[in-house]
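Trainee: The following block contains the structure, expressed as structure tokens.
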Amino acid sequence: MPSTPTTKSQVQAYRFVLRRMQSALVRKDAVMLHDPMRTHSRATIVGVCIAAIGMIGVLIFGLLKPAPKAPNQDGIVIAQPSGAIYVLLTNTDRGKVLVPTFNLASARLLLLARGSNGGEQEQPGSQTDDGGGGAAGGPAKVEVVPDSKLVDITRERLTGIPDGPQMLPGDDQRINSDWAVCDEYQLDRSLNKPASENKIETTVAAGHTDFGPELAVNEALLVQAENKKVYLVYRTPETAVKKNANTVRAEVDMGDNRVTTALNLRTENIRQITTGLLNAIPEAPRLASPEIPGHGTVGQVDIEGLPVGSIVSIQRAGAAAVENDYYVILRDGVQKIKKTTADLIRFKSTAGGDKITEVRPDQIPGASPSNEIDESTFPKVVPEALDPVNFPVACLRWNVVGEGPDADEHTQVHVGTQLPLPRTPRGEPATVPISTPSADGQRLDHFYMPPGRAAVVRGATSKVDFATGPIYLVSDRGVKFGVPDAKTATALGLANQRPAPDAIMRLLPNGASLNTRDVRQTFDSVAVQPGQFPSATPKAPGG
């Protein structure tokens with residue numbers, strides 16, 4: 000007999016009966032007005048798919064970033080969570096070994112000293128080469144590995160430079176090329192003369208740009224150095240052709256009444272200056288009355304019958320009498336001079352009478368004399384020497400202007416009533432105390448650098464040294480670490496040095512020299528020198 004084919008409706012009915020039976024068994028509901036089991040099935044399928052995707056993701060992540068383990072080649076390892084720093088050497092007589100060291104600088108220097116490209120010791124490079132310790136000439140990479148992965152690797156003796164820097168700064172952690180050295184008088188307001196004790200503290204600031212008002216054209220500092228020489232610090236005149244210095248210092252003989260009277264210099268305005276600040280200010284020739292050949296004799300130019308060395312003046316159209324132009328009569332001509340030069344000449348000898356003769360402009364010859372007196376560095380005007388009581392702070396700021404071949408140093412002097420640096424919540428300068436003198440015995444009391452920064456510099460006395468001067472790493476604690484050459488600097492990650500003033504660099508206390516010889520020292524333990532305990536600072540009333 001012929002078979003009866005199953006219809007679609009019968010199949011659907013059969014499946015519906017199965018779902019009713021499933022619902023009756025699972026949910027005790029055979030009526031099944033709704034079909035919740037279909038939702039359960041879909042949720043199960045979606046869950047399985049998500050789990051599969053998650054497993055695939057974990058597998059891919061594991062392939063791309065496997066669990067940390069000790070590398071199979073020479074390198075630097077930082078253990079986690081202990082923070083211990085090791086140099087991993089894979090090809091030694093003892094097999095794979097870990098050399099514990101003090102800091103990242105020591106680790107990189109050890110790799111450079113060993114020679115990561117064949118085991119031979121690296122040789123020092125030049126001051127300008129770009130070589131390094133790695134295959135690409137850059138600093139060795141650092142890998143962070145759990146302590147548990149390092150337990151079975153042989154250890155060597157503790158090796159390296161114990162007092163090396165705590166940080167090797169990248170380009171984004173370095174300061175700009177702004178440096179300054181400041182002297183601050185410690186005034187005692189209980190005294191009739193608050194500055195009479197001449198207590199001065201010196202501060203070096205790095206990476207700071209705001210130092211307040213600059214020394215004005217009509218202002219000066221009359222300073223006495225530690226060797227008792229007296230200098231006048233004043234704005235650089237335009238005639239000095241010193242584009243890189245807004246301010247200069249010139250020695251003054253305070254025993255020469257002619258000079259002190261001409262420049263209105265009084266001993267009560269003398270202030271002490273530290274050697275560090277003095278050396279940082281560019282020096283000009285000594286201030287003295289200029290010598291005039293043939294002084295007092297009859298010259299080749301006849302102006303009112305006045306002898307050589309006489310001062311005459313003319314009044315320009317629209318100018319007041321006090322703004323006259325001044326000239327000195329020389330043997331074979333007349334030279335225009337500054338008012339200060341006229342005073343220096345007249346207070347030495349008043350050739351031509353006790354008054355300055357005013358002449359007509361057409362009496363001044365057009366030709367210049369063959370030998371002019373050099374007054375280029377004399378002040379433009381007679382400045383007022385600032386009192387240390389009213390201006391206890393003086394700073395020399397140094398920075399770099401221009402770029403590339405046109406880059407040059409630039410200095411200027413700032414004065415004020417307080418140290419122009421960021422302050423703590425208590426209102427004190429946010430500086431770090433310095434207790435160690437410099438290599439040549441100069442004292443530095445405080446140092447400021449933006450916290451968490453550092454400087455990688457070349458000490459420079461002029462723009463000639465910008466690319467060849469000695470290399471230093473300066474920490475935010477004010478300690479400078481010497482680097483012997485550019486090759487070592489590159490291996491440490493300290494390439495691209497910026498220029499810094501050598502006079503200020505010499506004030507900073509010396510840290511360790513970062514070289515491949517000293518880094519080979521090994522230790523059982525390191526003796527710690529006695530430090531300084533913080534002094535108890537009394538709290539303000541009500542604090």
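The opening position of the sequence shown corresponds to residue 0 in numbering that gives the first Met the number 0, with each subsequent residue numbered one higher.
All C-beta atoms, glycine included, are put in the ideal place defined by N, C-alpha and C.
As the structure is a prediction and not an experimental result, all values here were calculated from the model.
Give the range of the alpha helix (DSSP H) segment to which Thr201 is assigned.
Mentor: Stepping through the sequence shown from its first residue, residue 201 is reached at position 202. Counting along the chain, Thr201 falls outside any alpha helix (DSSP H), though it belongs to the beta strand (DSSP E) covering Ile199 to Ala205.
Trainee: Evaluate Ala42 with the Cβ neighbour count: other Cβ atoms within 10 Å of its Cβ, from every protein chain shown; 16 or more gives buried, anything less gives exposed.
Mentor: For the purposes of this step, residue 42 is taken as the residue at position 43 of the sequence shown. Result: exposed.
Trainee: Specify the secondary structure class of Ser312 as computed by DSSP and reduced to three states.
Mentor: The count along the sequence shown starts at 1 and reaches residue 312 at position 313. Three-state result, Ser312: strand.
Trainee: Helix, strand or coil, according to DSSP, for Val216 in the structure here?
Mentor: Stepping through the sequence shown from its first residue, residue 216 is reached at position 217. Here Val216 sits in coil by DSSP.
Trainee: Quick check on the DSSP output: the beta strand (DSSP E) that includes Arg396 runs from which residue to which?
Mentor: Numbered from its first residue, the sequence shown carries residue 396 at position 397. Start and end: Val392 to Val400.
Trainee: Would you kindly check if the distance between the Cβ of Val216 and the Cβ of Lys379 is under 8 Å?
Mentor: On the sequence shown, residue 379 is found 380 positions in, with the first residue counted as 1. On the sequence shown, residue 216 is found 217 positions in, with the first residue counted as 1. In contact: Lys379 and Val216 (Cβ atoms closer than 8 Å).
Trainee: Straight-line CA distance for Gly118 to Arg519?
Mentor: Counted from its first residue, the sequence shown places residue 118 at position 119. Counted from its first residue, the sequence shown places residue 519 at position 520. Residue confidence for Gly118 is low, a pLDDT of 42 falling below 50, so the modelled location carries little weight; the figure read from the coordinates is stated next. Their backbone Cα atoms lie some 15 Å apart in a straight line.
Trainee: Less than 8 Å between the CB atoms is what I'm expecting for Phe210 and His409, so what's the real figure, rounded?
Mentor: Start at 1 with the first residue of the sequence shown, and residue 210 comes out as number 211. Start at 1 with the first residue of the sequence shown, and residue 409 comes out as number 410. Not a contact, Cβ separation roughly 13 Å.
Trainee: Give a yes or no on contact between the region 248 to 266 and the region 290 to 305, applying the rule of three or more CB pairs nearer than 8 Å.
Mentor: Judged by Cβ distances under 8 Å, the region 248 to 266 makes no contact with the region 290 to 305, as fewer than three pairs qualify.
Trainee: Alpha carbon to alpha carbon, what distance is there between Val76 and Asn90?
Mentor: Stepping through the sequence shown from its first residue, residue 90 is reached at position 91. Stepping through the sequence shown from its first residue, residue 76 is reached at position 77. Their Cα atoms are separated by approximately 16 Å.
Trainee: Is the Cβ-Cβ distance between Ile199 and Gln299 less than 8 Å?
Mentor: Sequence index remark: in the sequence shown, residue 199 carries index 200 (1-based). Sequence index remark: in the sequence shown, residue 299 carries index 300 (1-based). No, the pair does not count as a contact, with Cβ atoms beyond the cut-off.
Trainee: Near Ala283, what residues of its chain come up, given a Cβ to Cβ distance below 6 Å and the 5 sequence neighbours on each side ignored?
Mentor: Position 284 of the sequence shown, counted from the start, is the residue given in the question as residue 283. Cβ within range, chain order: Val247, Ala249 and Thr376.
Trainee: In whole angstroms, what is the alpha-carbon distance linking Pro436 and Val463?
Mentor: Mapped onto the sequence shown, residue 436 falls at position 437. Mapped onto the sequence shown, residue 463 falls at position 464. Their Cα atoms are separated by approximately 28 Å.
Trainee: Apart from the five residues on each side of it in sequence, which residues of its chain come closer than 8 Å, Cβ to Cβ, to Ala239?
Mentor: Within the sequence shown, the letter at position 240 stands for residue 239. Here the set comprises Val247, Ala283, Ser375 and Thr376.
Trainee: Name the two residues that bound the continuous beta strand (DSSP E) containing His113.
Mentor: Translated into the one-based positions of the sequence shown, residue 113 becomes position 114. The question names His, but residue 113 is Arg in the sequence shown. Not the beta strand (DSSP E): Arg113 falls in the alpha helix (DSSP H), residues Leu103 to Arg113.
Trainee: Go through its chain and collect everything with a Cβ distance to Asp407's Cβ below 8 Å, but skip five positions before and after it.
Mentor: To locate residue 407, count along the sequence shown from 1; it is residue 408. Taken in chain order, the residues that qualify are Lys242, Asn243, Val399, Val400, Gly401 and Lys462.
Trainee: Relative to the alpha-carbon of Ala179, which residue among Leu276, Gln531 and Gln334 has its alpha-carbon at the smallest distance?
Mentor: Position 180 of the sequence shown, counting from 1, holds the residue named residue 179. With distances taken between Cα atoms, Ala179 lies closest to Leu276.
Trainee: Look at the alpha carbon of Ser115 and the alpha carbon of Thr515, and state the distance between them as a whole number of angstroms.
Mentor: Taking the sequence shown and counting its residues from 1, one reaches residue 115 at position 116. Taking the sequence shown and counting its residues from 1, one reaches residue 515 at position 516. Reliability of the predicted coordinates at Ser115 is poor, the pLDDT of 46 falling under 50, and the value obtained from them is presented with this limitation in mind. If you take the alpha carbons of Ser115 and Thr515, they lie about 13 Å apart.
Trainee: For Pro450, I'd like the list of residues in its chain whose CB is within less than 7 Å of its CB, leaving aside the five on either flank, ordered along the chain.
Mentor: Looking up residue 450 in the sequence shown gives position 451. Hits under 7 Å: Asp475.
Trainee: Helix, strand or coil for Pro360? Go by DSSP, reduced to three states.
Mentor: Looking up residue 360 in the sequence shown gives position 361. Helix, per DSSP.
Trainee: From this set, Gln165, Asp444, Leu157 and Tyr85, which residue's C-alpha is nearest Asp146's C-alpha?
Mentor: Against the sequence shown, residue 146 aligns to sequence position 147. Nearest C-alpha to Asp146: Tyr85.
Trainee: Tell me the DSSP secondary structure of Asp73 in three-state form.
Mentor: Sequence index remark: in the sequence shown, residue 73 carries index 74 (1-based). Asp73 falls in the coil class under three-state DSSP.
Trainee: Helix or strand or just coil, what does DSSP make of Gln172?
Mentor: Translated into positions along the sequence shown, residue 172 becomes position 173. Helix, per DSSP.
Trainee: Extract the residue ranges of the beta strand (DSSP E) inside the region 496 to 528, only unbroken runs of 3 or more that lie entirely within it.
Mentor: Qualifying beta strand (DSSP E) stretches, in chain order: 497 to 500.
Trainee: Checking the sheet assignment: what are the DSSP bridge partners for Cys48?
Mentor: Stepping through the sequence shown from its first residue, residue 48 is reached at position 49. Note: Cys48 sits in no beta bridge, so no partner.
Trainee: Look at the alpha carbon of Phe390 and the alpha carbon of Ala219, and state the distance between them as a whole number of angstroms.
Mentor: Translated into the one-based positions of the sequence shown, residue 390 becomes position 391. Translated into the one-based positions of the sequence shown, residue 219 becomes position 220. Computed Cα separation, rounded: 11 Å.
Trainee: Does DSSP put Gln185 in a helix, a strand or coil?
Mentor: Here the question's residue 185 lines up with position 186 in the sequence shown. Coil, per DSSP.
Trainee: Would you tell me roughly how many angstroms separate the C-alpha atoms of Glu121 and Asp517, rounded to the nearest one?
Mentor: Here residue 121 refers to the residue found at position 122 of the sequence shown. Here residue 517 refers to the residue found at position 518 of the sequence shown. Residue placement at Glu121 is flagged as unreliable, the pLDDT there being 45, under the threshold of 50; the coordinate-derived value follows with that caveat. If you take the alpha carbons of Glu121 and Asp517, they lie about 14 Å apart.
Trainee: My output table needs one value for Phe446: the three-state DSSP class, helix, strand or coil.
Mentor: One-based indexing of the sequence shown puts residue 446 at position 447. Strand.
Trainee: Distance, Cα to Cα, Gly132 vs Ala112?
Mentor: Mapped onto the sequence shown, residue 132 falls at position 133. Mapped onto the sequence shown, residue 112 falls at position 113. For Gly132, the predicted model reports a pLDDT of 41, less than 50, meaning its position is unreliable; a value from the coordinates is still stated below. Straight-line Cα distance between these residues: approximately 8 Å.
Trainee: To the nearest angstrom, how far is the alpha carbon of Ala23 from that of Leu17?
Mentor: What you label residue 23 is simply residue 24 of the sequence shown in a count that begins at 1. What you label residue 17 is simply residue 18 of the sequence shown in a count that begins at 1. If I take the Cα positions, the gap works out to 10 Å.
Trainee: CB Ala205 to CB Met448, shorter than 8 Å?
Mentor: Mapped onto the sequence shown, residue 205 falls at position 206. Mapped onto the sequence shown, residue 448 falls at position 449. Yes, Cβ-Cβ distance for Ala205 and Met448 is below 8 Å.
Trainee: For Ala23, which three-state DSSP category applies?
Mentor: In the sequence shown, the residue the question calls residue 23 occupies position 24. In the structure shown, Ala23 sits in a helix (DSSP, three-state: H, G or I).
Trainee: So the alpha helix (DSSP H) Lys379 belongs to, where does it begin and stop?
Mentor: Along the sequence shown, read from residue 1 onward, the residue named residue 379 stands at position 380. Taken as a continuous stretch (DSSP letters only), Lys379 belongs to no alpha helix (DSSP H), as it is neither H nor E.
Trainee: Run through DSSP, which three-state label would Gln165 get?
Mentor: Along the sequence shown, read from residue 1 onward, the residue named residue 165 stands at position 166. It is coil, neither helix nor strand.
Trainee: CA-CA distance, Ala429 and Phe446?
Mentor: Mapped onto the sequence shown, residue 429 falls at position 430. Mapped onto the sequence shown, residue 446 falls at position 447. Approximately 9 Å between the Cα atoms of the pair.
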